[in-house]
Structures are given as structure tokens and as C-alpha cells.
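The listed protein sequences derive, respectively, from chains U and A.
Residue numbers for the first sequence follow my numbering, beginning at 3 and rising by one.
Residue numbers for the second sequence follow my numbering, beginning at 594 and rising by one.
Virtual Cβ for every residue (Gly too), placed ideally from N, Cα, C.
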Amino acid sequence: MSYQEHIEVVPGKAIKNKIMLYGLSTCVWCGKAKDFLDELGINYSHLTVDLLDGADADAAFEEVAKYNPDQSFPTIVINDGEKVIIGFNEEEIKKVAI
Amino acid sequence: MEKIEISQNETEDLFNKLTMQGQGHGYFLNYDEKIAKSLCEALLKNEKRYGHQVCPCRLSAGSREADLDVICPCDYRDPDLLQYGVCYCGLYVSKKIFTEKTPTKPIPERRPNKETRLLNKQKYMEEINQPKDINKLPYPVMRCSVCGYICARTDAPEVCPICGASHDRFQRFF
Chain U
3 MSYQEHIEVV
13 PGKAIKNKIM
23 LYGLSTCVWC
33 GKAKDFLDEL
43 GINYSHLTVD
53 LLDGADADAA
63 FEEVAKYNPD
73 QSFPTIVIND
83 GEKVIIGFNE
93 EEIKKVAI
Chain A
594 MEKIEISQNE
604 TEDLFNKLTM
614 QGQGHGYFLN
624 YDEKIAKSLC
634 EALLKNEKRY
644 GHQVCPCRLS
654 AGSREADLDV
664 ICPCDYRDPD
674 LLQYGVCYCG
684 LYVSKKIFTE
694 KTPTKPIPER
704 RPNKETRLLN
714 KQKYMEEINQ
724 PKDINKLPYP
734 VMRCSVCGYI
744 CARTDAPEVC
754 PICGASHDRF
764 QRFF
């Protein structure tokens, strides 16, 4: 899947959990979630779905739907689906940032 | 996709326009101006990109027709304001939240998924031309007791957009 080439890795403190943030460039809550993860200083990955083109955007969107059938943003996937956080939920994000 | 820049002036203009428009109809923008203006900027970005102001927190399907329900203000704003006091992206808040400056939390997505939306549309096309039973309308019809304004919604608006009367001045008409 070529959309995966666009996933950005943010370097930080190594943690047990793998955190993947799917967001939109225009969504204020996605921005807040990203800022929050940056502040926590942990290692995580993110993908801004609306900045992808055509087929990549569709593929990424389908991927998000696998974890979040509402297809809403931000969608934060922990350990490839072990846990999914929908929306900017500070408490839940703090819990998995370990 | 190229980066789109929106000037501060354009953002201020939209923010002011929506604030004034809202005041006239009983709608309030988020009391946190920074958030409200970020969302206004995002709406303008989406307008440049897609041609219409798609909700900043939802992904455009690429066509106006498919995005119709989530063009700002979206179809889900009013029920969300009534239930949660804030709309999905956070641009609009209820009068109470605006006055009390209560912190808001993200809310669940009310928009049905694509398959359900298509099914709903099909159902609508089948039923719209059928003879109507006034006692079995899909929405109740509400009337403002102050000015007589009539609307068909699941619940009365928070504020009458015509005369400003409050939610509890509405009565079901049929």
C-alpha cells in the first residue's frame, strides 16, 4: 500500500506501545492530539489522510475504517488495533503513552 | 497536494461574518476565539481545495453532492448543540456553554456511515412521492408561539431564528 510511504515517524522516548495517529490537516482536535503527543515526548507515527492523493487517500481512509467504523478523526491506533482511541481524549492518550 | 495558505484577514472576515450571522439566528461560535478562528481558517482551506466549506473534522468524499450534509453548517450541528452543547468540530457552541465558558470535550460522530447514508437517500426517494399521512410525518412540525415560525425538526431550535424566542416557546404544530 503506497500510502504507508507517507507515514511520518516522530522520534521521541521509546515506549512499550506502538502509537499511530490518523488525522486531517484541517481538524483542530487532530492538531491538539498531535501537540499532546509531542508534549509527552514519546515516539509515535502519524498520517495526515487529507494531504494524500486519490488512491492513497482512499486506501488510508479504508484502513481507518477498519479500526473506526465511524471514520472520524483523529483515530489513534495502539499496537495495530489492540486499542483504538477515537477523538482527542487526553486521559486515554496519557494511559497508552507508556 | 500543495499547501494552501489563508491570510489572517480572510480568517478574520469569516470569523466576523459567522459571528454576526450567528447572532441574528441564535447560534454562537466557540467562546475560545483561537479555536473558532483555526476552524474558520480550515473552512477556507477546504473551500479552496474542494470548492465548498466541508467540515474541518471530516474527510471530503470529493464531490459537493456527497459532502452536502457536512458542508458547514452541517446537518448534525443542531442536534449536537442540543445534546452536547457543542458541534462536532467545535466551531459552534450552545448559548449556555458560550455564556458560562464551560470547557468542551470532543463528541461522538452523529453522521451515519456512507452505506447508511445511501440507504437513507434511497428510502427518501421512494417515500417522498407517496401520499402523506399528516400523523405519520418523518419530523414533527414545531411552531414558535411568539412569531409563528414553523419548522420540521426532531426538536425545536435553541433560539427562534426569526424572532429570538427561546426553545421552550415552541409548540408542536402537527
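Measuring only the C-alpha atoms, how far is residue i from residue j?
i	j	result
aspartate 40 of chain U	threonine 50 of chain U	15 Å
glycine 14 of chain U	valine 98 of chain U	15 Å
glutamine 6 of chain U	alanine 654 of chain A	20 Å
asparagine 722 of chain A	glutamate 10 of chain U	51 Å
phenylalanine 767 of chain A	isoleucine 727 of chain A	7 Å
cysteine 648 of chain A	alanine 16 of chain U	35 Å
cysteine 682 of chain A	leucine 712 of chain A	25 Å
arginine 762 of chain A	arginine 736 of chain A	9 Å
phenylalanine 63 of chain U	alanine 758 of chain A	43 Å
arginine 765 of chain A	tyrosine 69 of chain U	41 Å
glutamate 702 of chain A	aspartate 673 of chain A	9 Å
valine 86 of chain U	threonine 697 of chain A	21 Å
serine 738 of chain A	aspartate 662 of chain A	29 Å
alanine 749 of chain A	isoleucine 743 of chain A	10 Å
Taking 8 Å as the CB-CB cut-off, is residue i touching chain A?
i	result
proline 13 of chain U	no
valine 79 of chain U	no
glutamine 6 of chain U	no
serine 74 of chain U	yes
glycine 43 of chain U	no
leucine 39 of chain U	no
glycine 83 of chain U	no
Using the Cβ count rule (16 or more neighbours within 10 Å means buried), how would you classify residue i?
i	result
aspartate 82 of chain U	exposed
glycine 741 of chain A	exposed
alanine 659 of chain A	exposed
lysine 638 of chain A	buried
Could you list which residues in chain D have their beta carbon closer than 7 Å to that of residue i, in chain order?
i	result
leucine 632 of chain A	You won't find chain D in this structure, because its protein chains are U and A.
With a threshold of 8 Å between beta-carbons, can residue i be considered close to chain U, or not?
i	result
glycine 644 of chain A	no
alanine 659 of chain A	no
glutamate 603 of chain A	no
lysine 688 of chain A	no
glycine 678 of chain A	no
proline 699 of chain A	yes
List the whole-angstrom C-beta distance separating residue i from residue j, where the pair is believed to meet the contact cut-off of C-beta under 8 Å.
i	j	result
asparagine 19 of chain U	isoleucine 80 of chain U	5 Å
cysteine 650 of chain A	leucine 26 of chain U	7 Å
Any heavy atom of the ligand FAD closer than 7 Å to the beta-carbon of residue i?
i	result
phenylalanine 691 of chain A	The model depicted lacks the ligand FAD and carries no ligand whatsoever.
>> Does the structure place the segment 20-30 of chain U close enough to the segment 619-639 of chain A that three or more beta carbon pairs sit under 8 Å?
In response: yes
> Would you call the segment 611-626 of chain A and the segment 690-699 of chain A touching, i.e. three or more CB-CB distances under 8 Å?
Replying inline: yes
> Counting Cβ pairs closer than 8 Å, one from the segment 729-738 of chain A and one from the segment 702-711 of chain A, do we hit at least three?
Replying inline: With a cut-off of 8 Å, the segment 702-711 of chain A and the segment 729-738 of chain A do not count as touching, because too few Cβ pairs lie within range.
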